[in-house]
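Peer 1: Dropping the structure in here first, questions after.
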Amino acid sequence: MGKSAKAKSRQQMQYKDYQQLAKQKQLKIPVFRNVVVAFVIGGLICVFGQLLMTLFMRLGFAQEQAGNPTVAALILIAALLTGLGVWDVFGQFAGAGAGVPVTGFANSIVSSALEFKREGLILGIGGHMFSLAGPVIVYGAVTAFVVGLIHAVLR
Amino acid sequence: MIFLKAFLVGGIICAIGQLLIDLTPLTPAHVLTVLVVCGGVLSGIGLYEPLVKWSGAGASVPITSFGHQLVQGSLRELETNGIVGVLGGIFDLTSSGITAAIIFGFFTALIFNPKG
Amino acid sequence: MKATKKLGLQTVAFSRPVAIVSSASCVGPLEGEGPLRGSFDVVYPDMLNGAGSWEKAEVGMFKDAVQTALGKGKHSAQSVDFLLAGDLLNQCISANFAARDLGIPMLGLYGACSTMAESVGLGSALIDGGFAQYTVAAVSSHYASSERQYRFPTEYGGQKPPYCQYTVTGAGAMLLTNGQNIPGLAPRITHFTVGKIVDLGIKDPFDMGSAMAPSAADTILRHFSDLGLQSDHYDLVLTGDLAYVGSSILSELLHQSGLELGNRLRDCGLMIFDRERQQVFAGGSGCGCSASVMCGHIMETFKQGKLKRILFAGTGALLSPTSYQQGETIPCVAHAISIELCDDRALGGGTL
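Chains as they are written, first to last, in my numbering: chain A, 5 to 159; chain B, 2 to 117; chain C, 72 to 423.
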């Protein structure tokens with residue numbers, strides 16, 4: 005092996021040994037607890053969403069259309085709780101249970117806008133609103149475009 | 002009964018998200034992006050709509066449904082307006098969700114202050 | 072020609088130990104409720120303290136720390152030759168904006184969380200080299216300002232892993248002078264070991280402890296080796312902010328190299344918070360962590376005569392959100408300062 009290749013492989017061994025040591029001493033993520041809590045909280049948020057949907061259908065919305073005001077209501081609730089400063093505590097507790105439903109999407113938008121309001125209305129609130137939620141919108145749209153294209157071609 | 006199904010499906014989607022966050026180096030933003038793309042793909046192959054019909058909010062509340070609605074928007078425009086609709090229709094069905102997020106987000110940011 | 076005040080590979084020995092005239096620490100409410108409560112000069116009621124933003128609050132805290140240290144040392148800002156200061160924010164705005172109002176000639180520094188050790192070391196070197204009579208070393212960090220810069224908005228609902236650390240809202244300042252100006256017993260800086268940047272491949276920006284431990288080990292071992300010290304030379308070897316995970320790794324790394332420090336090895340990040348009672352995950356981090364502990368509790372302990380000789384090793388992780396997003400690992404640095412309680416007759420590296 006050349007000198008630099010030898011040095012590189014020694015460095016990789018050092019990295020590997022160290023990372024093994026670091027992993028040993030690591031404070032372990034309580035995966036089981038997190039998954040159970042995410043399951044329960046996520047499930048409950050969806051049950052709450054279902055309650056809202058039933059309510060909106062009683063108020064006259066057809067089943068296909070009741071989804072829109074339901075999502076809007078959930079976004080409003082998550083936005084208010086973010087503004088009141090309690091969503092971050094809830095999110096730390098519930099993990100993906102709070103983050104995966106549309107409430108997580110709302111929180112990422114509101115928390116960004118809220119944090120950067122000190123940088124003004126335009127560049128602060130306006131400029132930062134989608135910094136965390138952007139990828140979801142971008143890749144959702146890209147997927148829809150690709151899927152749509154595939155459908156168009158297959159017809 | 003619909004409530005139990007909503008609980009189960011919603012819970013499972015969130016549990017999958019949590020597993021991805023805890024067991025992979027993916028950040029929450031990555032995981033949500035993956036879930037949206039999965040929702041879109043499942044929608045494209047016709048599997049997401051039946052899930053929504055079966056479990057109601059269990060499938061329409063998680064972020065996967067956002068991917069589903071984006072795809073459905075595109076496909077509906079494709080039906081009515083041909084290939085141009087693939088681009089034009091994407092945000093048709095989700096516009097209320099995105100608009101709600103912007104409007105509520107804006108006013109919340111205006112009224113409240115971050116507490117750290 | 073050899074550098075006459077350099078020992079070994081990385082250590083500078085001051086020809087006359089530099090005296091610490093006075094120090095001050097100002098912290099936020101969470102720190103003020105922790106195990107070291109009572110040792111801080113100022114505890115703010117909240118993280119804004121009436122300012123218009125987190126950053127402006129941090130500037131205020133920074134100024135308070137410097138002005139309080141000067142007041143305790145009965146010195147005015149005009150009599151200080153140089154201010155050596157830094158913080159965690161982009162372009163070091165806390166230190167620079169505070170310095171603008173303090174009016175002291177300013178040398179801005181960035182060593183991430185190791186900046187306190189760096190500024191004390193350099194401030195001492197300027198004095199020992201005859202370039203200054205009085206210098207002030209000061210740093211600050213703020214939970215919310217660093218959270219929104221390095222990680223996520225403060226109201227974001229993302230879940231943090233148990234091994235992450237909590238950035239201390241705190242500022243610390245030390246007034247240093249030529250040893251001859253302070254008669255009698257006082258804590259004095261005898262050596263400064265400048266660290267090399269060490270990177271063993273840790274990528275997770277929430278895992279600071281694992282990233283920084285190798286650089287702490289590297290500098291501490293280098294210091295002991297440069298000076299030919301026994302493992303019981305210091306009463307206390309105090310790292311800046313390795314917290315629970317990093318400290319545990321450091322003990323192991325030192326043990327592997329034959330240095331056993333036992334319970335003489337402690338960490339500011341573990342001292343400033345009570346991990347059981349306070350929601351701080353693995354422990355404290357940030358420039359303000361080591362600064363507020365050193366400038367408050369540790370200096371007080373020296374005054375009470377309970378410490379004779381310590382090694383303070385400030386540790387810093389030199390990443391940015393950009394480097395992380397580009398897939399880079401996290402390079403870290405640690406600088407070490409030895410402080411000894413001795414009188415003004417001590418020369419050339421303390422009692423060595």
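For each residue, glycine too, the CB sits at the ideal point set by N, CA and C.
Where do the ends of the beta strand (DSSP E) carrying Phe426/C lie?
Peer 2: Because chain C is modelled from 72 through 423, residue 426/C falls outside the range shown and cannot be assessed.
Peer 1: Consult DSSP for His406/C and reduce its assignment to one of helix, strand or coil.
Peer 2: What you label residue 406/C is simply residue 335 of the third sequence in a count that begins at 1. If DSSP states are grouped into helix, strand and coil, His406/C belongs with the strands.
Peer 1: Keeping to the same chain, check which residues put their C-beta closer than 6 Å to that of Ala203/C; ignore five residues upstream and five downstream.
Peer 2: As a working note, residue 203/C is residue 132 in the third sequence. Asp152, Phe153 and Leu197, listed in sequence order.
Peer 1: Out of Ala209/C, Leu247/C and Gly179/C, state which residue places its alpha-carbon closest to the alpha-carbon of Ser195/C.
Peer 2: Here residue 195/C corresponds to residue number 124 of the third sequence, with the count starting at 1. Nearest C-alpha to Ser195/C: Leu247/C.
Peer 1: Using only CA atoms, which one of Ser112/A, His132/A, Ala110/A and Phe109/A lies nearest to Phe120/A?
Peer 2: Numbered from 1 along the first sequence, position 116 holds the residue referred to as residue 120/A. Checking every option, the nearest Cα to that of Phe120/A belongs to His132/A.
Peer 1: Return helix, strand or coil for Gly421/C, following the three-state DSSP convention.
Peer 2: The residue labelled residue 421/C in the question sits at position 350 within the third sequence. At Gly421/C, the pLDDT of 46 sits below 50, so the modelled position is not reliable; the number obtained from the coordinates is stated separately. Note: Gly421/C maps to coil in three-state DSSP.
Peer 1: Let me know if Val10/B comes out buried or exposed under the rule of 16 or more other beta-carbons within 10 Å of its beta-carbon.
Peer 2: Reading the second sequence from its first residue, position 9 is the one you call residue 10/B. The residue in question, Val10/B, is buried, as its Cβ has 16 or more Cβ neighbours within 10 Å.
Peer 1: Answer yes or no: do Gly99/C and Asp297/C have a C-beta to C-beta separation smaller than 9 Å?
Peer 2: Taking the third sequence and counting its residues from 1, one reaches residue 99/C at position 28. Taking the third sequence and counting its residues from 1, one reaches residue 297/C at position 226. Not in contact: Gly99/C and Asp297/C (Cβ atoms no closer than 9 Å).
Peer 1: Give me the Cβ distance between Ala42/A and Gln19/B, rounded to the nearest whole Å; I'm assuming they're in contact under 8 Å.
Peer 2: In the first sequence, counting from the first residue as 1, residue 42/A sits at position 38. In the second sequence, counting from the first residue as 1, residue 19/B sits at position 18. Confirmed, about 4 Å.
Peer 1: Identify whether Phe94/A lies in helix, strand or coil by the three-state DSSP scheme.
Peer 2: As a working note, residue 94/A is residue 90 in the first sequence. Here Phe94/A sits in helix by DSSP.
Peer 1: Determine the direct distance from the alpha carbon of Ala284/C to that of Tyr42/C, and round the result to whole angstroms.
Peer 2: Summary: the structure shown does not reach residue 42/C, with chain C confined to residues 72 through 423, and so no result is reported for it.
Peer 1: I want to see whether chain A comes within less than 9 Å of Leu324/C, judged by CB atoms only; does it?
Peer 2: As a first step, residue 324/C must be located in the third sequence, where it is residue number 253. Interface residue, yes.
Peer 1: Using a Cβ cut-off of 8 Å, pull out every chain B residue sitting near Glu226/C, in sequence order please.
Peer 2: One-based indexing of the third sequence puts residue 226/C at position 155. Those within 8 Å of Glu226/C in chain B are Pro115 and Lys116.
Peer 1: Helix, strand or coil: which one does DSSP assign to Phe352/C?
Peer 2: Taking the first residue of the third sequence as 1, we reach residue 352/C at position 281. Coil, per DSSP.
Peer 1: On the criterion of 16 or more Cβ atoms from any shown chain inside 10 Å, does Asn111/A qualify as buried, or is it exposed?
Peer 2: Walking along the first sequence from the start, residue 111/A turns up at place 107. By the neighbour-count rule (16 or more Cβ atoms within 10 Å), Asn111/A is buried.
Peer 1: Mind checking if Thr34/B is an interface residue toward chain A, Cβ cutoff 9 Å exclusive?
Peer 2: Looking up residue 34/B in the second sequence gives position 33. Thr34/B counts as touching chain A.
Peer 1: For Tyr143/A, which residues in chain B fall below 8 Å Cβ to Cβ?
Peer 2: The residue you call residue 143/A lines up with position 139 of the first sequence. Those are Thr34, Val37 and Val38, listed as they occur along chain B.
Peer 1: Distance, Cα to Cα, Glu78/B vs Gly89/B?
Peer 2: For the purposes of this step, residue 78/B is taken as residue 77 along the second sequence, with counting starting at 1. For the purposes of this step, residue 89/B is taken as residue 88 along the second sequence, with counting starting at 1. When rounded, the distance between both Cα atoms is 7 Å.
Peer 1: Do you know how far the Cα of Ser394/C is from the Cα of Gly387/C?
Peer 2: Residue numbering aside, residue 387/C sits at position 316 when the third sequence is read from its first letter. Residue numbering aside, residue 394/C sits at position 323 when the third sequence is read from its first letter. If I take the Cα positions, the gap works out to 15 Å.
Peer 1: From Val142/A, Gly64/A, Arg122/A and Val150/A, pick the residue whose C-alpha is nearest to that of Ala128/C; which is it?
Peer 2: In the third sequence, counting from the first residue as 1, residue 128/C sits at position 57. For Ala128/C, the nearest C-alpha among the options comes from Arg122/A.
Peer 1: Quick check: Leu31/A and Tyr234/C, are their CB atoms within less than 9 Å of each other?
Peer 2: As a working mapping, residue 31/A is identified with position 27 in the first sequence. As a working mapping, residue 234/C is identified with position 163 in the third sequence. Yes, they are a contact pair.
Peer 1: Could you tell me which chain B residues have their CB closer than 8 Å to the CB of Val39/A, listed as they occur along the chain?
Peer 2: Mapped onto the first sequence, residue 39/A falls at position 35. Residues of chain B passing the Cβ test: Ala16, Gln19, Leu20 and Asp23.
Peer 1: Going by the CB atoms, is the gap between Ala16/B and Val39/A shorter than 9 Å?
Peer 2: One-based indexing of the first sequence puts residue 39/A at position 35. One-based indexing of the second sequence puts residue 16/B at position 15. The answer is yes: Cβ separation under 9 Å.
Peer 1: Using a Cβ-Cβ cutoff of 7 Å, what residues of the segment 60-93 of chain A are near chain C? List them in chain order.
Peer 2: Residues passing the 7 Å Cβ filter: Thr86, Gly89, Trp91 and Asp92.
Peer 1: Should Ile129/A and Ala101/B be called a contact, given that it needs their Cβ atoms to be closer than 9 Å?
Peer 2: The residue given as residue 129/A occupies position 125 in the first sequence. The residue given as residue 101/B occupies position 100 in the second sequence. Contact flag unset, no.
Peer 1: Of all Cβ atoms in chain A, is any one closer than 9 Å to the Cβ of Leu27/B?
Peer 2: Position 26 of the second sequence, counted from the first residue, corresponds to residue 27/B. False, the Cβ-Cβ gap to chain A never drops below 9 Å.
Peer 1: In the segment 61-131 of chain A, which residue ranges form an unbroken alpha helix (DSSP H) of at least 4 residues, counting only runs that do not cross its ends?
Peer 2: As far as the segment 61-131 of chain A is concerned, its whole alpha helix (DSSP H) runs of at least 4 residues are 71-87, 91-98, 100-103 and 106-119.
Peer 1: Please decide whether Ala148/A counts as near chain B, where near means a Cβ-Cβ distance under 9 Å.
Peer 2: Your numbering for residue 148/A matches position 144 in the first sequence. Judged by the 9 Å Cβ criterion, Ala148/A is in contact with chain B.
Peer 1: Use the C-beta contact count for Met72/C: other C-beta atoms within 10 angstroms, 16 or more gives buried, fewer gives exposed.
Peer 2: Here residue 72/C refers to the residue found at position 1 when the third sequence is read from its first residue. So Met72/C ends up on the exposed side.
Peer 1: With a CB to CB cut of under 7 Å and the five nearest residues on each side skipped, what residues in its chain are close to Ile273/C?
Peer 2: Walking along the third sequence from the start, residue 273/C turns up at place 202. Within the same chain, Ile273/C has close Cβ partners Ser281, Ala282, Thr400 and Ile401.
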